[in-house]
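Structure, as structure tokens:
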Amino acid sequence: MTTEPFPVRWLETPEDHDYPAAADYLELVADRDTVDTLVELLRAAPVTHKKAKDLLRAAQLSLLPPDNPHVRRDLSKILTGKPLSPILVVRGDFAAGAPAQIADGYHRVCACYHTDENVPIPVKIAALLTPDAKVAVAAAKSASAANAPATGAAEPDPGKGSGGKSKSKK
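Take 1 as the starting number for the sequence shown in full-length UniProt numbering and just add one per residue.
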């Protein structure tokens with residue numbers, strides 16, 4: 001680690017190729033439907049900032065050495081002022097003992113740590129829905145669909161057959 005922190009420049013948003021890279025990794029730890037959902041959530045997530053040391057701890061990953069070829073490449077970008085792409089993370093579950101997953105950007109996190117472990121790193125974080133949350137989301141969608149007006153249904157004519165009164169189900 002250097003004695004004087006070196007400024008790290010960042011792109012505003014992840015590069016397009018970061019999302020397929022994240023999906024490639026996530027396919028090793030989740031089924032395809034879950035991966036598709038997570039990538040959609042990552043695309044929609046706001047950018048926030050987390051420290052390099054906290055990202056590594058939450059993901060339970062070791063710091064790669066500065067001579068790792070990918071870390072060295074990212075360190076070179078930092079030293080020459082080239083901006084890095086934000087990191088894509090799937091939130092862990094503390095209660096379940098599941099670590100966060102750095103879906104894309106592990107080498108960038110390590111490179112940043114070597115410049116300053118407290119450097120704020122832009123990240124997009126998606127939360128994996130628990131089975132209970134999936135059931136709740138499905139129920140909410142179902143209730144919303146049931147309450148939505150039917151498309152193409154004709155409005156009853158108040159002057160014909162109903163006496164102007166509408167029947168509603170409760």
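Where a beta carbon is used, it is the ideal one built from N, C-alpha and C, also for glycine. Fair warning: this is a prediction, and the values are worked out from it, not measured in the lab.
- Judged by DSSP in its simplified three-state form, Ala45 adopts coil rather than helix or strand.
- Per DSSP, reduced to three states, the secondary structure at Ala143 is helical.
- If you check the CB distance, Glu117 and Ala52 come in under 8 angstroms.
- Spanning the alpha carbons of Pro7 and Ile78 requires a straight line of approximately 8 angstroms.
- CA-CA distance, Ala45 to Cys110, rounds to 23 angstroms.
- Leu88: member of the beta strand (DSSP E) spanning Ile87 to Arg91, first to last residue.
- In this structure Ala22 is in contact with Ala103, their Cβ atoms being roughly 4 angstroms apart against a cut-off of 8 angstroms.
- Judged by their CB atoms, Pro83 and Pro14 are not nearer to each other than the 8 angstroms cut-off.
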